[in-house]
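Colleague: Okay, handing you the structure first.
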Amino acid sequence: HPQYELAQRQMRLPGGLLTFDLVGGIEAGVAFVEGLEIAQLATSLGGPETLVTHPASTTHVNLTPEELAANGISPGTVRVSTGLEHADDLVADFAQALERPAG
Numbered sequence: 315h316p317q318y319e320l321a322q323r324q325m326r327l328p329g330g331l332l333t334f335d336l337v338g339g340i341e342a343g344v345a346f347v348e349g350l351e352i353a354q355l356a357t358s359l360g361g362p363e364t365l366v367t368h369p370a371s372t373t374h375v376n377l378t379p380e381e382l383a384a385n386g387i388s389p390g391t392v393r394v395s396t397g398l399e400h401a402d403d404l405v406a407d408f409a410q411a412l413e414r415p416a417g
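First residue of the sequence shown: 315, per this note's numbering; consecutive thereafter.
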């Protein structure tokens with residue numbers, strides 16, 4: 315990456331950004347992000363805290379199912395930008411949110 319050297323000087327460790335699809339569509343995605351206690355729902359994924367977004371119910375809510383699919387987004391897609399919280403706390407938060415029923 316063209317800014318690799320700069321990142322090495324400025325950051326001790328890199329951040330993480332991940333995307334995953336939940337079975338259960340929009341209901342599962344909404345239930346998951348609403349069930350989180352540490353990670354925060356956001357439409358922009360930049361900041362020191364862990365942020366999540368569910369594109370099908372937020373940033374891309376006006377797209378048809380076909381348009382979502384053409385953009386690589388399923389109804390259950392969740393995007394996460396990991397923050398500075400302890401990894402064990404985030405794992406526990408995600409686990410408890412995944413156990414909540416959708417809808």
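Even glycine gets a Cβ: it sits at the ideal position worked out from N, Cα and C.
1. What's the gap between the Cα of S371 and the Cα of I340?
2. Taking the beta strand (DSSP E) that R393 falls in, what are its first and last residues?
3. Can you tell which of T378, L365, L336, V392 has its C-alpha closest to the C-alpha of E351?
4. Taking T396 as the reference, give the member of V344, P362, G386, E413 with the closest Cα.
5. By the three-class DSSP mapping on this structure, what secondary structure does V347 have?
6. Going by DSSP, which residues form a beta bridge with G330?
Modeller: Here's the rundown:
1. Rounded to the nearest angstrom, the two C-alpha atoms are 7 Å apart.
2. 391-396 is the extent of the beta strand (DSSP E) around R393.
3. Looking at T378, L365, L336, V392, the one whose alpha-carbon comes closest to that of E351 is L365.
4. Ranking the options by Cα distance to T396, first place goes to P362.
5. Note: V347 maps to helix in three-state DSSP.
6. G330 pairs with T396.
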